[in-house]
Amino acid sequence: DNPALSVKNLSFYYGSQKAVEGISMDIHQEQVTAIIGPSGCGKSTFLKALNRISELETKVRVDGTIEFFGQNIYSPRVNLNRLRRKIGMVFQKPNPFPMSIYDNVAYGVRVFGRPPRASLDEVVEAALRGAALWDEVKDNLGKSALGLSGGQQQRLCIARALAVKPKVLLMDEPCSALDPIATMKIEELIDTLRQELTIVIVTHNMQQASRVSNYTAFFSTDESRIGQLVEFGPTSQ
Ligand code: ADP
Ligand code: ADP
14 DNPALSVKNL SFYYGSQKAV EGISMDIHQE QVTAIIGPSG CGKSTFLKAL
64 NRISELETKV RVDGTIEFFG QNIYSPRVNL NRLRRKIGMV FQKPNPFPMS
114 IYDNVAYGVR VFGRPPRASL DEVVEAALRG AALWDEVKDN LGKSALGLSG
164 GQQQRLCIAR ALAVKPKVLL MDEPCSALDP IATMKIEELI DTLRQELTIV
214 IVTHNMQQAS RVSNYTAFFS TDESRIGQLV EFGPTSQ
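Note that full-length UniProt numbering gives residue 159 to position 146 of the sequence shown, counting from 1, and the numbers run on in steps of one.
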């Protein structure tokens with residue numbers, strides 16, 4: 014099948030520090046791929062390389078290519094705004110903007126200035142429904158997002174990503190700051206979202222990887238092989 018993302022011999026350096034080395038793998042469409050490995054082994058860098066967010070903080074060097082539906086995302090003619098809309102991201106710590114619930118979800122649509130085919134209200138509602146949050150917030154859309162619980166904030170961040178219609182959703186340890194109930198809700202949500210989205214999730218939790226993913230990529234635990242992929246294949250249940 015035609016992969017959503019095809020990573021070919023990717024190496025990634027922060028200055029002279031190597032974070033990812035020689036990784037090749039396909040991210041299959043409408044599947045959940047889990048990235049597993051010890052702290053510092055390059056999981057986050059790899060994940061953020063997939064929508065070129067890794068290069069925001071530090072000067073980096075990238076070798077190899079990543080193709081998004083056949084197009085090299087490291088080509089100079091890539092539109093980074095468009096790329097990051099198509100490949101959305103959710104972080105470990107929920108990071109809603111200090112604005113209303115509605116404005117958080119509408120943010121991307123407004124910033125990217127694309128007139129929605131449906132009205133903005135409809136886009137916001139659909140995204141909140143997609144993130145399994147609508148019923149909890151529909152009467153409080155004008156209230157600050159910062160008043161929500163951690164789990165609700167994380168689902169809001171998912172809704173914010175969904176509002177701009179991504180093809181891929183990157184999740185960097187999305188549950189590590191959440192309690193078990195909120196974690197379960199996110200895992201259930203992943204199970205629903207996989208029907209129309211491609212998901213890549215970094216987790217340090219093997220049980221979570223086996224619960225939510227179809228494919229698992231193991232990064233090296235060996236100090237001398239930092240940033241290398243040691244195993245990739247269907248998740249064993
Ligand atoms: P993981 O997600 O597996 O914990 P990271 O991708 O965060 O690993 O980090 C991989 C390596 O890259 C580590 O040695 C880390 O210190 C380094 N690193 C991560 N982010 C940066 C950065 N912005 N600047 C410099 N080095 C970084
Ligand atoms: P947008 O999706 O923001 O409207 P375009 O107008 O550039 O962006 O693309 C129109 C359609 O073509 C999009 O819906 C998208 O699915 C598809 N498309 C264009 N380029 C690519 C690409 N590199 N990878 C995947 N789909 C693409």
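Using N, Cα and C, we set each Cβ at its ideal position, and we do this for glycine too.
Residue Q44 holds the alpha-carbon nearest to the alpha-carbon of D14 among Q30, Q44, E34.
In this structure S226 touches I214 by the C-beta definition: roughly 7 Å separates them, less than 8 Å. Taking a cut-off of 6 Å from the heavy atoms of ligand 1, the residues with a C-beta inside it are Y27, Q30, A32, G50, S52, G53, C54, G55, K56, S57, T58, E70, T71. Taking C-beta separations shorter than 7 Å and ignoring five residues to either side along the sequence, the partners of T196 in its chain run C188, following chain order. For the pair F110 and I79, the Cα-to-Cα distance works out to about 30 Å. Where V213 is concerned, the enclosing beta strand (DSSP E) starts and stops at 211-215. Classified as buried, E34 has 16 or more neighbouring CB atoms from the shown chains inside 10 Å of its CB.
In this structure, DSSP gives T229 an extended state, which the three-state scheme calls strand.
Looking only at V20, N117, K180, G163, the smallest Cα-Cα distance to R97 is reached by K180. L175 and F104 have their C-alpha atoms some 14 Å from each other.
Secondary structure note for T205: its alpha helix (DSSP H) is the uninterrupted segment 193-206.
According to the DSSP assignment, S162 belongs to no alpha helix (DSSP H), since it is labelled neither H nor E. Rounded to the nearest whole angstrom, the C-alpha separation of Q30 and V150 is 44 Å. By the neighbour-count criterion, in which 16 or more other beta carbons inside 10 Å mark a residue as buried, T71 falls on the exposed side. Collapsing the DSSP output to three states places I171 in a helix.
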